[in-house]
Amino acid sequence: MNEKDIKAQNNTQDKLGAVDSFRVLGLKEKVLKGIKEAGFTTPSPIQEKAIPPILERRDVIAQAQTGTGKTAAFALPILHGLKNDTSIEALVITPTRELAMQISDEVFKLGKFLKTKTVCVYGGQSVKKQLELIEKKPQVLIATPGRLLDHLKNERLKNFAPSVVVLDESDEMLDMGFIDDIEEIFQYIPNNAQTLLFSATMPARIKQLADKILYDPVHIKIQSSSTTNADIAQRYYIINENERNEALTRLIDTESPSKSIIFIRTKKEADEVNSYLQNKGYKSTALHGDMDQRMRRDSVQAFKGRDADILVATDVAARGLDIRNVSHVFNYHIPLNIESYVHRIGRTGRAGSKGVAITLATPLEYKDLKKIQNETNAQFELYEVPSVSSDVMINTLLNTKVSDEAINLYESIKDKTDSAQLILRLLSVYLQEHVKIGLTKQEALEVQRQETLESKKGAKTKGTKGAKGKIASRDKSQKMSTNRHANKSNLSKNGRPSNAQERAKKQKMQSQQKYYKG
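Everything in the sequence shown is counted per full-length UniProt numbering, starting at 1 for the first residue and increasing by one.
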């Protein structure tokens, strides 16, 4: 080797030195260059555990939270194995348009030095335009279930035989009612295709789907769905129901978040809270399922850029979004389940940075908050809603738009008292309504004490159920177990026969030996 060759080799090693830990996973140099360009330094736990079996062409079930690097966990080995064929080699199915576009961007970025072609298809976009893009022969297709199934049923995808299929955010696809579509889509997938299933949680229906479409999968679990990030400070405030908006704005003013996401239960409330914030002068934008594609894209771009620093979103619309530098997450209401809570607060405190998660709860909701705390083993801190400072009050008053009703009321009473007395009386009313909101710590602790007493009382009552209750419970459990085994048997009968499964598995293992060589 001459001096010039040695120098060139050393330059390459220096450039890729930061990603040597990716190199040992077996990824080829052009993929490593893409990793370096994307700013990755070391594999995340999900990447470290998922990439090797995916490279070995094993089916994989990976359970990991959003924000753990799972997109790269499947994208990197897929890019490594691309053969530059003229047909779609890899298919990624994801529940939302936003997540589909996000994955498409990341695959394109990581595949920069492979000149990878990707196409993203989803509902709300012109079918004709999508077909024009597909005719350019992409190697990777990212799609939402409904639009993909529509293309397949209408035979618009020629020579459709992907070698690898990824189901991303599988539990969210279940929540959105897409599982039947997924099962139908797999009727169009070759038997020997590698299948990768990623999910934050693993409900029974997802396990049932996995039994049907995966063969001898490698199981990977990175973080329990009932665990929260230690880098996130978790606080809660006990308030009255009619104080949510006021408490929210006071906390935003006090915390001064760089970027924050406010999670709302319903689409209607998302619009209402967003309008409330905008009327108060905050730079906010909304994101929910009733918005059309252009509006949703504009909202995400506004939040990623400088046009908005507050995103008011529903759980489904925000699922899978990867937005950096979110310092605060606000739970406007307590989420409906523990998994949603973990998903929500996981938007902050990423990549080693600190984050804050704030939850607003009424006295009646405290028991739900306590359940989340117990099952996540998290340290929740109780705070009081801060009082409004004089500066904030003055700015609020000066910036409040004068309504027609206020003008009419003023006209009717201005001659009955002097202006100074009128201002003082109005300020007194304002202070009564706005200075102190929420429960004090002492009052909140009393709520907690009462809830604890009620829980103990309930547990004592439950403990006297007796032998009859235990027998009934055991009989019910045995019946459910029998049904579960019957269902699993039916899956084999109604899906691919067991002999066919074995043949497909052998074919698949043979193809695996060839796919990633070279």
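Ideal Cβ placement from N, Cα and C applies to all residues, glycine included.
Neighbourhood of residue i by C-beta distance below 6 Å, restricted to the same chain and skipping five residues each side
{"i": "residue 196", "result": "60, 74, 166"}
{"i": "residue 19", "result": "32, 35, 36"}
{"i": "residue 265", "result": "333"}
{"i": "residue 356", "result": "233, 328"}
{"i": "residue 53", "result": "60, 218"}
{"i": "residue 40", "result": "none"}
{"i": "residue 88", "result": "141, 162"}
{"i": "residue 49", "result": "220"}
{"i": "residue 172", "result": "95, 319"}
{"i": "residue 202", "result": "63"}
Nearest-angstrom beta carbon gap, residue j and residue i [assumed within contact, 8 Å]
{"i": "residue 63", "j": "residue 222", "result": "7 Å"}
{"i": "residue 310", "j": "residue 232", "result": "That belief does not hold up - the Cβ atoms of residue 310 and residue 232 are roughly 18 Å apart, past 8 Å."}
{"i": "residue 321", "j": "residue 102", "result": "7 Å"}
{"i": "residue 339", "j": "residue 200", "result": "7 Å"}
{"i": "residue 121", "j": "residue 130", "result": "5 Å"}
{"i": "residue 302", "j": "residue 285", "result": "5 Å"}
{"i": "residue 239", "j": "residue 209", "result": "Not confirmed; about 41 Å, so no contact."}
{"i": "residue 113", "j": "residue 30", "result": "4 Å"}
{"i": "residue 27", "j": "residue 80", "result": "5 Å"}
{"i": "residue 106", "j": "residue 161", "result": "Between residue 161 and residue 106 the Cβ distance is about 24 Å, and since that is not below 8 Å, they are no contact."}
{"i": "residue 182", "j": "residue 145", "result": "6 Å"}
Boundaries of the beta strand (DSSP E) in which residue i is found, first to last residue
{"i": "residue 81", "result": "Per DSSP, residue 81 belongs to no beta strand (DSSP E); it is in the alpha helix (DSSP H), 70–81."}
{"i": "residue 342", "result": "Premise fails: residue 342 lies in the alpha helix (DSSP H), 338–345, not in any beta strand (DSSP E)."}
{"i": "residue 284", "result": "284–287"}
{"i": "residue 104", "result": "Careful: residue 104 lies outside any beta strand (DSSP E), inside the alpha helix (DSSP H) at 97–110."}
{"i": "residue 199", "result": "194–199"}
Of the residues the options, the one placed nearest residue i, counting alpha carbons only
{"i": "residue 123", "options": "117, 310, 114, 142", "result": "142"}
{"i": "residue 100", "options": "243, 179, 297", "result": "297"}
{"i": "residue 132", "options": "139, 140, 119", "result": "119"}
{"i": "residue 256", "options": "282, 51, 407", "result": "282"}
{"i": "residue 347", "options": "360, 330, 337", "result": "330"}
{"i": "residue 361", "options": "384, 378, 353, 339", "result": "384"}
{"i": "residue 215", "options": "193, 206, 229, 198", "result": "193"}
{"i": "residue 98", "options": "324, 318, 359, 277", "result": "318"}
{"i": "residue 125", "options": "293, 337, 135", "result": "293"}
{"i": "residue 170", "options": "106, 111, 247, 70", "result": "70"}
{"i": "residue 276", "options": "291, 187, 259, 401", "result": "401"}
{"i": "residue 198", "options": "241, 146, 51, 278", "result": "51"}
{"i": "residue 288", "options": "316, 307, 272", "result": "316"}
{"i": "residue 154", "options": "177, 128, 174", "result": "128"}
{"i": "residue 168", "options": "258, 95, 246", "result": "95"}
{"i": "residue 382", "options": "409, 438, 420", "result": "438"}
{"i": "residue 58", "options": "104, 91, 164", "result": "164"}
{"i": "residue 22", "options": "110, 104, 404, 134", "result": "110"}
{"i": "residue 379", "options": "358, 394, 386, 336", "result": "358"}
Run of the alpha helix (DSSP H) containing residue i, from where it starts to where it stops
{"i": "residue 266", "result": "No alpha helix (DSSP H) holds residue 266; DSSP gives it neither H nor E."}
{"i": "residue 213", "result": "204–213"}
{"i": "residue 134", "result": "127–134"}
{"i": "residue 31", "result": "29–38"}
{"i": "residue 376", "result": "366–376"}
{"i": "residue 49", "result": "45–55"}
{"i": "residue 520", "result": "Limits of the chain in this structure are 1 at one end and 518 at the other, which puts residue 520 out of reach."}
{"i": "residue 542", "result": "Outside the shown range of the chain (1 to 518) lies residue 542, about which nothing can therefore be said."}
{"i": "residue 180", "result": "179–185"}
{"i": "residue 175", "result": "170–175"}
Strand pairing of residue i, partner residues [DSSP]
{"i": "residue 355", "result": "232"}
{"i": "residue 381", "result": "235"}
{"i": "residue 547", "result": "The structure shown does not extend to residue 547, since the chain spans only 1 to 518, so no value can be given for it."}
{"i": "residue 333", "result": "None; residue 333 has no bridge partner."}
{"i": "residue 299", "result": "Residue 299 pairs with nothing; no bridge assigned."}
{"i": "residue 519", "result": "Since the first residue shown for the chain is 1 and the last is 518, residue 519 is missing from the structure and cannot be characterised."}
{"i": "residue 247", "result": "Answer is none; residue 247 lacks a bridge partner."}
{"i": "residue 118", "result": "140"}
{"i": "residue 314", "result": "264"}
{"i": "residue 151", "result": "According to DSSP, which records beta bridges pairwise, residue 151 is partnered with nothing at all."}
{"i": "residue 444", "result": "Per DSSP, none; premise fails for residue 444."}
{"i": "residue 361", "result": "238"}
Other residues of its chain near residue i: CB distance less than 8 Å, five sequence neighbours each side excluded
{"i": "residue 184", "result": "149"}
{"i": "residue 472", "result": "Note on residue 472: pLDDT 39, under 50, position unreliable in the model; no value is reported."}
{"i": "residue 305", "result": "none"}
Cutoff 7 Å; reference residue i; Cβ partners in own chain excluding five residues on either side
{"i": "residue 86", "result": "137"}
{"i": "residue 55", "result": "26, 77, 80, 516"}
{"i": "residue 116", "result": "79, 82, 107, 108, 139, 140"}
{"i": "residue 278", "result": "284"}
{"i": "residue 267", "result": "288, 289, 290, 314"}
Heavy atom of the ligand NAD within 7 Å of residue i beta-carbon
{"i": "residue 111", "result": "Questions concerning the ligand NAD fall outside what the structure shown contains, since it holds no ligand whatsoever."}
Any chain B beta carbon closer than 8 Å to residue i
{"i": "residue 376", "result": "The chain labelled as chain B is not found in the depicted structure, where only one protein chain is given."}
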